[in-house]
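Written out below as C-alpha coordinates is the structure these notes cover.
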(Lines of atoms letter the chains of each structure in order from A and count residues from 1; the text may use other names and numbers.)
(Lines give C-alpha, C1' and ligand atoms only; values in the text may rest on other atoms or scores of the structure.)
Protein backbone atom coordinates (compact mmCIF):
# COMPACT_ATOMS: atom_id res chain seq x y z
CA UNK A 1 0.00 0.00 0.00
CA UNK A 2 2.87 2.37 0.85
CA UNK A 3 4.60 1.73 -2.51
CA UNK A 4 1.33 2.26 -4.37
CA UNK A 5 0.68 5.50 -2.54
CA UNK A 6 4.21 6.73 -3.28
CA UNK A 7 3.85 5.90 -6.97
CA UNK A 8 0.51 7.66 -7.07
CA UNK A 9 2.04 10.76 -5.48
CA UNK A 10 4.83 10.77 -8.11
CA UNK A 11 2.28 10.51 -10.91
CA UNK A 12 0.29 13.35 -9.39
CA UNK A 13 3.42 15.53 -9.14
CA UNK A 14 4.36 14.67 -12.74
CA UNK A 15 0.84 15.59 -13.87
CA UNK A 16 1.01 18.85 -11.98
CA UNK A 17 4.51 19.69 -13.27
CA UNK A 18 4.85 18.11 -16.76
CA UNK A 19 7.90 20.23 -17.68
CA UNK A 20 9.80 18.94 -14.63
CA UNK A 21 9.13 15.35 -15.69
CA UNK A 22 10.23 15.98 -19.27
CA UNK A 23 13.37 17.73 -18.05
CA UNK A 24 14.26 14.70 -15.92
CA UNK A 25 13.87 12.38 -18.91
CA UNK A 26 15.97 14.71 -21.07
CA UNK A 27 18.79 14.60 -18.53
CA UNK A 28 18.62 10.80 -18.48
CA UNK A 29 18.74 10.67 -22.28
CA UNK A 30 21.63 13.13 -22.33
CA UNK A 31 23.69 11.11 -19.86
CA UNK A 32 22.85 7.91 -21.77
CA UNK A 33 24.03 9.54 -25.01
CA UNK A 34 27.28 10.65 -23.36
CA UNK A 35 27.75 7.11 -22.10
CA UNK A 36 27.39 5.65 -25.58
CA UNK A 37 29.79 8.12 -27.21
CA UNK A 38 32.28 8.12 -24.33
CA UNK A 39 34.55 5.51 -26.02
CA UNK A 40 34.88 7.82 -29.03
CA UNK A 41 35.47 10.87 -26.81
CA UNK A 42 38.18 9.05 -24.86
CA UNK A 43 39.78 7.77 -28.07
CA UNK A 44 39.71 11.26 -29.60
CA UNK A 45 41.31 12.85 -26.54
CA UNK A 46 43.98 10.16 -26.17
CA UNK A 47 44.85 9.42 -29.80
CA UNK A 48 44.02 12.67 -31.65
CA UNK A 49 43.68 15.80 -29.51
CA UNK A 50 46.44 14.78 -27.08
CA UNK A 51 49.07 14.05 -29.76
CA UNK A 52 48.13 17.24 -31.61
CA UNK A 53 48.69 19.35 -28.51
CA UNK A 54 51.93 17.50 -27.77
CA UNK A 55 53.23 18.03 -31.31
CA UNK A 56 52.36 21.72 -31.14
CA UNK A 57 54.39 22.06 -27.93
CA UNK A 58 57.26 20.03 -29.40
CA UNK A 59 57.36 22.26 -32.49
CA UNK A 60 58.87 24.99 -30.30
CA UNK A 61 61.58 22.70 -28.91
CA UNK A 62 64.70 20.83 -29.91
CA UNK A 63 63.86 17.21 -29.08
CA UNK A 64 65.46 13.98 -30.25
CA UNK A 65 62.90 11.57 -28.81
CA UNK A 66 65.25 10.30 -26.09
CA UNK A 67 66.77 13.11 -24.05
CA UNK A 68 65.16 16.17 -22.56
CA UNK A 69 63.61 18.78 -24.82
CA UNK A 70 64.99 22.33 -25.03
CA UNK A 71 62.89 25.32 -25.99
CA UNK A 72 64.04 27.08 -29.17
CA UNK A 73 61.12 29.45 -29.68
CA UNK A 74 60.18 29.95 -33.34
CA UNK A 75 63.52 28.65 -34.64
CA UNK A 76 61.95 25.52 -36.15
CA UNK A 77 59.34 27.57 -38.01
CA UNK A 78 61.97 30.02 -39.27
CA UNK A 79 64.01 27.09 -40.52
CA UNK A 80 61.01 25.87 -42.55
CA UNK A 81 61.37 28.86 -44.88
CA UNK A 82 65.14 28.38 -45.20
CA UNK A 83 65.12 24.62 -45.86
CA UNK A 84 65.11 23.99 -49.65
CA UNK A 85 63.88 20.42 -49.11
CA UNK A 86 60.63 21.78 -47.64
CA UNK A 87 59.81 23.76 -50.78
CA UNK A 88 60.85 20.87 -53.02
CA UNK A 89 58.85 18.24 -51.17
CA UNK A 90 55.82 20.51 -50.90
CA UNK A 91 55.93 21.24 -54.64
CA UNK A 92 56.26 17.53 -55.43
CA UNK A 93 53.24 16.83 -53.25
CA UNK A 94 51.11 19.57 -54.81
CA UNK A 95 51.97 18.42 -58.35
CA UNK A 96 51.11 14.84 -57.41
CA UNK A 97 47.77 15.94 -55.91
CA UNK A 98 46.88 18.07 -58.95
CA UNK A 99 47.49 15.09 -61.24
CA UNK A 100 45.98 12.39 -59.05
CA UNK A 101 42.74 13.90 -57.75
CA UNK A 102 41.03 14.80 -61.07
CA UNK A 103 42.20 11.59 -62.75
CA UNK A 104 41.07 9.30 -59.94
CA UNK A 105 37.69 11.04 -59.72
CA UNK A 106 37.16 10.82 -63.50
CA UNK A 107 38.13 7.14 -63.65
CA UNK A 108 35.94 6.32 -60.63
CA UNK A 109 32.95 8.15 -62.12
CA UNK A 110 33.38 6.39 -65.47
CA UNK A 111 33.54 2.97 -63.78
CA UNK A 112 30.51 3.81 -61.62
CA UNK A 113 28.48 4.81 -64.68
CA UNK A 114 29.47 1.54 -66.38
CA UNK A 115 28.43 -0.42 -63.28
CA UNK A 116 25.08 1.35 -63.36
CA UNK A 117 24.40 -0.25 -66.74
CA UNK A 118 25.56 -3.76 -65.83
CA UNK A 119 22.39 -4.69 -63.97
CA UNK A 120 22.37 -7.82 -61.84
CA UNK A 121 26.11 -8.40 -62.24
CA UNK A 122 26.92 -5.06 -60.61
CA UNK A 123 27.32 -6.72 -57.20
CA UNK A 124 30.08 -8.97 -58.54
CA UNK A 125 31.91 -6.09 -60.21
CA UNK A 126 31.55 -3.90 -57.13
CA UNK A 127 33.42 -6.55 -55.18
CA UNK A 128 36.08 -6.86 -57.87
CA UNK A 129 36.66 -3.10 -57.96
CA UNK A 130 36.76 -2.78 -54.19
CA UNK A 131 39.11 -5.70 -53.43
CA UNK A 132 42.29 -3.78 -54.42
CA UNK A 133 41.47 -1.22 -51.72
CA UNK A 134 42.25 -3.94 -49.17
CA UNK A 135 45.79 -4.34 -50.55
CA UNK A 136 48.44 -3.04 -48.12
CA UNK A 137 50.08 0.17 -49.29
CA UNK A 138 53.53 -1.38 -48.98
CA UNK A 139 52.50 -4.06 -51.47
CA UNK A 140 51.27 -1.35 -53.85
CA UNK A 141 54.69 0.33 -53.64
CA UNK A 142 56.38 -2.95 -54.57
CA UNK A 143 53.81 -3.46 -57.32
CA UNK A 144 54.83 -0.07 -58.74
CA UNK A 145 58.44 -1.24 -59.11
CA UNK A 146 57.34 -4.47 -60.77
CA UNK A 147 54.89 -2.93 -63.23
CA UNK A 148 56.77 0.26 -64.10
CA UNK A 149 60.33 -1.03 -64.32
CA UNK A 150 61.81 0.59 -67.41
CA UNK A 151 63.49 -2.60 -68.64
CA UNK A 152 61.36 -5.57 -67.60
CA UNK A 153 58.15 -3.94 -66.36
CA UNK A 154 54.77 -5.13 -67.58
CA UNK A 155 53.60 -1.63 -68.57
CA UNK A 156 56.49 -1.02 -70.96
CA UNK A 157 56.14 -4.58 -72.29
CA UNK A 158 52.50 -3.90 -73.21
CA UNK A 159 53.42 -0.55 -74.76
CA UNK A 160 56.07 -2.33 -76.81
CA UNK A 161 53.44 -4.68 -78.23
CA UNK A 162 51.71 -1.70 -79.86
CA UNK A 163 54.93 -0.14 -81.08
CA UNK A 164 55.44 2.40 -78.30
CA UNK A 165 58.67 2.83 -76.37
CA UNK A 166 57.86 3.16 -72.69
CA UNK A 167 59.69 5.71 -70.53
CA UNK A 168 61.96 5.01 -67.57
CA UNK A 169 59.20 5.34 -64.98
CA UNK A 170 61.41 4.69 -61.95
CA UNK A 171 64.55 6.62 -62.92
CA UNK A 172 63.39 9.54 -65.05
CA UNK A 173 62.32 12.34 -62.71
CA UNK A 174 59.76 13.54 -65.25
CA UNK A 175 57.90 10.21 -65.14
CA UNK A 176 58.16 9.24 -61.47
CA UNK A 177 55.08 11.19 -60.33
CA UNK A 178 52.92 10.16 -63.32
CA UNK A 179 53.84 6.55 -62.61
CA UNK A 180 52.85 6.90 -58.96
CA UNK A 181 49.59 8.57 -60.02
CA UNK A 182 48.75 5.66 -62.33
CA UNK A 183 49.61 3.23 -59.53
CA UNK A 184 47.25 5.05 -57.17
CA UNK A 185 44.35 4.14 -59.47
CA UNK A 186 44.74 0.63 -58.09
CA UNK A 187 42.73 1.71 -55.04
CA UNK A 188 40.05 3.79 -56.76
CA UNK A 189 37.37 1.23 -55.89
CA UNK A 190 36.14 2.97 -52.75
CA UNK A 191 35.35 6.11 -54.74
CA UNK A 192 33.60 3.98 -57.35
CA UNK A 193 31.25 2.57 -54.71
CA UNK A 194 30.44 6.06 -53.42
CA UNK A 195 29.69 7.36 -56.92
CA UNK A 196 27.56 4.33 -57.75
CA UNK A 197 25.38 4.96 -54.70
CA UNK A 198 25.01 8.63 -55.69
CA UNK A 199 24.09 7.75 -59.28
CA UNK A 200 21.40 5.32 -58.11
CA UNK A 201 19.79 8.10 -56.06
CA UNK A 202 19.28 10.38 -59.06
CA UNK A 203 15.49 10.52 -59.70
CA UNK A 204 14.63 8.64 -62.89
CA UNK A 205 11.82 11.05 -63.75
CA UNK A 206 14.46 13.74 -64.39
CA UNK A 207 16.03 11.57 -67.09
CA UNK A 208 12.59 10.85 -68.56
CA UNK A 209 11.80 14.56 -68.70
CA UNK A 210 15.16 15.28 -70.34
CA UNK A 211 14.55 12.53 -72.91
CA UNK A 212 11.10 13.93 -73.74
CA UNK A 213 12.72 17.32 -74.32
CA UNK A 214 15.14 15.75 -76.78
CA UNK A 215 18.22 16.27 -74.61
CA UNK A 216 21.26 14.23 -75.66
CA UNK A 217 23.38 12.07 -73.39
CA UNK A 218 26.06 14.69 -72.78
CA UNK A 219 23.56 17.42 -71.94
CA UNK A 220 21.63 14.96 -69.79
CA UNK A 221 24.80 14.25 -67.83
CA UNK A 222 25.65 17.94 -67.64
CA UNK A 223 22.26 19.26 -66.57
CA UNK A 224 20.80 16.27 -64.69
CA UNK A 225 23.45 13.83 -63.44
CA UNK A 226 26.19 16.28 -62.52
CA UNK A 227 24.03 18.63 -60.40
CA UNK A 228 22.42 15.69 -58.60
CA UNK A 229 25.75 14.09 -57.65
CA UNK A 230 27.70 17.34 -57.18
CA UNK A 231 27.55 17.02 -53.39
CA UNK A 232 29.15 13.57 -53.60
CA UNK A 233 31.76 14.85 -56.05
CA UNK A 234 32.63 17.65 -53.65
CA UNK A 235 32.97 15.18 -50.75
CA UNK A 236 35.35 12.92 -52.70
CA UNK A 237 37.28 15.99 -53.91
CA UNK A 238 37.99 16.99 -50.32
CA UNK A 239 38.81 13.44 -49.17
CA UNK A 240 41.05 12.62 -52.15
CA UNK A 241 42.87 15.96 -51.90
CA UNK A 242 43.69 15.43 -48.23
CA UNK A 243 44.78 11.85 -48.93
CA UNK A 244 46.99 12.97 -51.83
CA UNK A 245 48.66 15.67 -49.74
CA UNK A 246 49.46 13.03 -47.12
CA UNK A 247 50.72 10.37 -49.54
CA UNK A 248 53.63 8.45 -48.07
CA UNK A 249 53.75 4.66 -48.08
CA UNK A 250 53.89 3.87 -51.79
CA UNK A 251 56.57 6.47 -52.53
CA UNK A 252 58.64 5.58 -49.49
CA UNK A 253 58.46 1.84 -50.22
CA UNK A 254 59.43 2.28 -53.86
CA UNK A 255 62.14 4.94 -53.60
CA UNK A 256 63.40 5.24 -50.04
CA UNK A 257 63.75 1.65 -48.86
CA UNK A 258 67.21 0.46 -47.86
CA UNK A 259 67.63 -1.57 -51.05
CA UNK A 260 66.19 1.03 -53.41
CA UNK A 261 67.53 4.35 -52.15
CA UNK A 262 70.77 4.06 -54.15
CA UNK A 263 69.24 2.35 -57.19
CA UNK A 264 66.47 4.75 -58.16
CA UNK A 265 66.35 8.51 -58.43
CA UNK A 266 64.19 9.63 -55.53
CA UNK A 267 64.30 13.44 -55.64
CA UNK A 268 61.06 13.60 -57.64
CA UNK A 269 59.42 11.22 -55.15
CA UNK A 270 60.41 13.25 -52.09
CA UNK A 271 56.90 14.03 -50.93
CA UNK A 272 56.22 16.21 -47.93
CA UNK A 273 55.24 13.43 -45.52
CA UNK A 274 58.25 11.39 -46.62
CA UNK A 275 60.51 14.30 -45.68
CA UNK A 276 58.62 14.74 -42.42
CA UNK A 277 59.13 11.05 -41.64
CA UNK A 278 62.84 11.31 -42.38
CA UNK A 279 63.26 14.28 -40.06
CA UNK A 280 61.33 12.58 -37.26
CA UNK A 281 62.58 8.98 -37.36
CA UNK A 282 65.73 8.98 -39.47
CA UNK A 283 67.39 12.12 -38.14
CA UNK A 284 65.41 12.22 -34.82
CA UNK A 285 64.56 15.91 -35.24
CA UNK A 286 61.23 15.54 -33.49
CA UNK A 287 60.75 19.25 -32.85
CA UNK A 288 61.41 20.19 -36.46
CA UNK A 289 59.20 17.34 -37.68
CA UNK A 290 56.39 18.65 -35.47
CA UNK A 291 56.74 22.07 -37.08
CA UNK A 292 56.58 20.37 -40.50
CA UNK A 293 53.40 18.61 -39.45
CA UNK A 294 51.74 21.86 -38.42
CA UNK A 295 52.73 23.50 -41.69
CA UNK A 296 51.06 20.62 -43.54
CA UNK A 297 47.98 21.08 -41.38
CA UNK A 298 47.79 24.75 -42.38
CA UNK A 299 48.27 23.90 -46.07
CA UNK A 300 45.49 21.30 -45.96
CA UNK A 301 43.24 23.72 -44.07
CA UNK A 302 43.78 26.54 -46.58
CA UNK A 303 43.19 24.28 -49.59
CA UNK A 304 40.05 22.83 -48.01
CA UNK A 305 38.65 26.29 -47.25
CA UNK A 306 39.32 27.41 -50.84
CA UNK A 307 37.60 24.30 -52.19
CA UNK A 308 34.61 24.91 -49.90
CA UNK A 309 34.32 28.52 -51.13
CA UNK A 310 34.59 27.54 -54.79
CA UNK A 311 32.13 24.66 -54.35
CA UNK A 312 29.27 27.07 -53.70
CA UNK A 313 29.23 27.78 -57.42
CA UNK A 314 28.66 24.23 -58.62
CA UNK A 315 27.45 22.07 -55.72
CA UNK A 316 23.68 21.57 -55.71
CA UNK A 317 21.84 20.57 -52.55
CA UNK A 318 18.23 19.48 -52.48
CA UNK A 319 16.06 22.43 -51.59
CA UNK A 320 18.31 25.05 -53.19
CA UNK A 321 16.43 27.77 -55.03
CA UNK A 322 19.11 28.21 -57.64
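Residue numbers (the UniProt record's numbering): 1 to 322.
We treat Cβ as the ideally placed atom computed from N, Cα and C, and that holds for glycine.
The distance from the Cβ of residue 163 to that of residue 156 is about 12 angstroms, inconsistent with a contact at the 8 angstroms cut-off. Bounds of any alpha helix (DSSP H) do not take in residue 66, whose DSSP letter is neither H nor E. A direct Cα-Cα distance of roughly 10 angstroms separates residue 176 from residue 92. Taking C-beta atoms as the reference points, residue 121 and residue 244 fail to come closer than 9 angstroms.
DSSP places residue 298 inside the alpha helix (DSSP H), whose first and last residues are 286-311. When secondary structure is reduced to three states using DSSP, residue 71 falls in the strand class.
For a cut-off of 8 angstroms, the C-beta gap from residue 292 to residue 279 is around 6 angstroms, short enough to register as a contact. In the three-state scheme derived from DSSP, where H, G and I count as helix and E and B as strand, residue 62 is classed as strand. In the three-state scheme derived from DSSP, where H, G and I count as helix and E and B as strand, residue 169 is classed as coil. Pairwise C-beta distances place the segment 236-253 out of contact with the segment 57-64, as fewer than three of them are shorter than 8 angstroms.
At a cut-off of 4 residues, the continuous stretches assigned as alpha helix (DSSP H) that sit fully inside the segment 125-184 are 137-147, 154-161, 173-184.
For the options 226, 30, 41, the alpha carbon positioned closest to that of residue 200 is the one of 226.
In this structure, the CA atom of residue 234 is about 23 angstroms from the CA atom of residue 183. Within the same chain, Cβ atoms closer than 8 angstroms to the Cβ of residue 274 are found at 89, 248, 251, 252, 256, the five residues on either side in sequence being excluded. Here the C-alpha atom of residue 101 lies approximately 34 angstroms from the C-alpha atom of residue 42. Distance between residue 302 and residue 119, taken at the CA atoms: about 42 angstroms.
A contact is defined here as three or more CB-CB pairs under 8 angstroms, and the segment 99-115 meets this definition with respect to the segment 192-206. Taking C-beta separations shorter than 6 angstroms and ignoring five residues to either side along the sequence, the partners of residue 210 in its chain run 220, 224, following chain order. Rounded to whole angstroms, the gap between the alpha carbons of residue 144 and residue 138 is 10 angstroms.
Of the other Cβ atoms in all chains shown, fewer than 16 fall within 10 Å of the Cβ of residue 49; this residue is therefore exposed.
As the crow flies, the alpha-carbon of residue 231 is around 13 angstroms from that of residue 310. Counting along the chain, the unbroken alpha helix (DSSP H) around residue 111 starts and ends at 84-118. Comparing alpha carbon positions, the residue from 205, 51, 186 closest to residue 128 is 186. Within the model, the alpha-carbon separation for residue 85 versus residue 180 is close to 20 angstroms.
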